[in-house]
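To start, the structure under review is shown below, and the notes come after it.
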């Protein structure tokens with residue numbers, strides 16, 4: 001029997017979730033994917049906490065804040081109420097600054113998970129350049145930052161804000177659960193001491209995160 005690796009480090013996780021109008025086509029898939037992520041973190045006994053912020057052009061909110069993973073319950077579909085446009089940069093600026101300024105445990109690790117289905121089109125305070133600077137700074141501090149993008153050129157947008165290809169996952173909304181399963185594995189490995197610089201989405205994970213859409217197209 002292979003002995004399971006024990007979690008070594010406390011991981012403070014922040015999910016930045018797009019709530020703009022176009023997400024209305026995938027509320028169920030998105031919430032199911034986040035619930036799957038939470039359950040898999042719990043099953044892997046990841047020692048950590050989770051904060052979830054949601055954003056649209058009307059507001060940026062933090063409905064889940066600093067909840068220990070072991071205590072986190074299941075989200076219902078009413079959690080995501082899509083509307084408005086996509087102020088992605090402003091949502092990231094707020095999240096990065098809040099996440100960087102708040103710790104639950106000393107020497108904790110920090111992870112930022114970005115989930116969006118569209119290009120930036122409504123930010124007022126932050127620019128690509130200012131967010132790129134923040135992300136590069138936090139990456140150099142050892143944060144694990146990943147970008148999950150659907151229905152747009154995810155690689156171009158993530159590159160523009162300083163997130164490398166290996167940590168960007170282009171996914172189909174139909175495959176949201178598989179995309180978050182892949183992301184759960186990255187954070188699990190990060191919690192077990194894997195160098196964040198070496199963590200990447202594998203080709204099979206990229207295939208799984210687009211398989212249903214490809215099947216529909218054939």
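Residue numbers (this note's numbering): 1 to 218. Even for Gly, the Cβ is constructed at its ideal location relative to N, Cα and C. Quantities reported herein were computed from a predicted structural model and do not represent experimental measurements.
1) Could you tell me whether the stretch 121-138 touches the stretch 167-182, using the rule of 3 or more Cβ pairs below 8 angstroms?
2) Cα separation between residue 115 and residue 196?
3) Quick one: Cα of residue 10 to Cα of residue 36, how far?
4) Within a Cβ cutoff of 8 angstroms, which residues of the same chain sit near residue 183, ignoring the five residues on either side of it in sequence?
5) Buried or exposed: residue 104, going by 16 or more other Cβ atoms within 10 Å of its Cβ?
6) So who's on the other strand from residue 55, going by DSSP bridges?
7) Just to confirm my understanding: we take residue 121, look at its own chain, exclude 5 residues before and 5 after, and list those with CB closer than 6 angstroms. What are they?
8) Counting along the chain, where does the alpha helix (DSSP H) carrying residue 158 start and finish?
9) Taking 7 angstroms as the limit between beta carbons, can you name the residues of its chain near residue 62, skipping five residues before and five after?
10) If contacts are defined as beta-carbon pairs under 8 angstroms, then residue 89 and residue 60 qualify, I think. What distance do you get, rounded to the angstrom?
11) When we look at the beta-carbon of residue 249 and count the other beta-carbons within 10 Å, is it buried (16 or more) or exposed?
12) Could you give the first and the last residue of the continuous beta strand (DSSP E) run that contains residue 115?
13) Tell me whether residue 86 sits in a helix, a strand or coil according to DSSP, three-state version.
14) Could you compute how far the alpha carbon of residue 4 sits from the alpha carbon of residue 135?
15) Taking the alpha-carbon positions, what's the residue 191 to residue 32 distance?
16) Assuming residue 108 and residue 12 form a contact by the criterion Cβ under 8 angstroms, report the distance between their Cβ atoms to the nearest whole angstrom.
17) Please report the straight-line C-alpha distance between residue 68 and residue 8, rounded to a whole angstrom.
18) Taking the beta strand (DSSP E) that residue 27 falls in, what are its first and last residues?
19) Spatial neighbours of residue 65 within its chain, please: CB distance less than 6 angstroms, with the 5 preceding and 5 following residues excluded, ordered by chain position.
20) Out of 155, 161, 193 and 174, which has the shortest C-alpha to C-alpha gap to residue 201?
21) At the level of alpha carbons, what is the spacing between residue 119 and residue 160?
22) What are the boundary residues of the beta strand (DSSP E) that residue 145 is part of?
23) Could you have a look at residue 49 and say whether DSSP puts it in helix, strand or coil?
Quick answer:
1) no
2) 19 angstroms
3) If you take the alpha carbons of residue 10 and residue 36, they lie about 20 angstroms apart.
4) 37, 113, 146, 148 and 169
5) exposed
6) 18 and 60
7) In the same chain as residue 121, and ignoring 5 residues on each side of it, the C-beta atoms closer than 6 angstroms to its own belong to 85 and 86, in chain order.
8) Residues 154-160.
9) 51 and 53
10) In fact, because the Cβ distance is near 11 angstroms, the residues do not count as touching under 8 angstroms.
11) Coverage of the chain is limited to positions 1 through 218, which leaves residue 249 absent and any answer about it impossible.
12) 109-116
13) coil
14) For residue 4, the predicted structure reports a pLDDT of 46, less than 50, and the residue's modelled location is therefore unreliable. The matter cannot be settled from this model.
15) Spanning the two alpha carbons is a distance of roughly 23 angstroms.
16) The Cβ separation is near 5 angstroms, so the contact holds.
17) 16 angstroms
18) Taken as a continuous stretch (DSSP letters only), residue 27 belongs to no beta strand (DSSP E), being part of the alpha helix (DSSP H) at 27-43.
19) 51
20) Taking only the C-alpha atoms, the option nearest residue 201 is 155.
21) 11 angstroms
22) Element bounds for residue 145: 144-149.
23) strand
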